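Structure first, then comments.
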Amino acid sequence: MTRTLQFVLEQGIQGHHALIPEDVIRRAFRGPSCLDGGLDAGVAAETDALIDALQKLNDLRSQQACVADAPRDVQDVFVHLYFSFLDRMIVQRGATYH
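Numbering (this note's numbering), first residue to last: 140 to 237.
Quick look at the structure:
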């Protein structure tokens, strides 16, 4: 997944979120961040398992399907983690592309 991860993150910094469907992103951000409060241990474990599964997949389509098949609450946590990570990358680079 190293090449795919690099591609996904570089595209994400530019505002193109290939790994996550737009409707999933919009839904995840409709409410408050699920990372601000206590996170259910089961959802946290499922999100961790999703990330592990994504790392084992070597192509974007398989990774997209993996995210699409995850439960909604896991998708929401994953979206917030993904964007939090992108925000940190942008700050560390010192430039914003979008």
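Each residue gets a CB set at the ideal place from its N, CA and C atoms; glycine is no exception.
No experiment lies behind these values; they were computed from the predicted model shown.
- The C-beta distance from V216 to V182 rounds to 6 angstroms, short enough to fall under 8 angstroms.
- A distance of 7 angstroms or more separates the beta carbons of L196 and Q203.
- The alpha carbon of T186 has as its nearest neighbour, out of S223, D175, A209 and R232, the alpha carbon of A209.
- Taking L199 as the centre and dropping the five residues before and after it, the same chain places the C-beta of T143, F146, V147, A157 and L158 closer than 8 angstroms to its C-beta, in chain order.
- A distance below 7 angstroms separates the beta carbons of L189 and V213.
- By the neighbour-count criterion, in which a residue is buried when 16 or more other Cβ atoms sit within 10 angstroms of its Cβ, G151 is buried.
- The criterion of a C-beta distance shorter than 7 angstroms is not satisfied by C205 and A184.
- Check the Cα spacing between R211 and each of L178, H155 and A167: the tightest is with A167.
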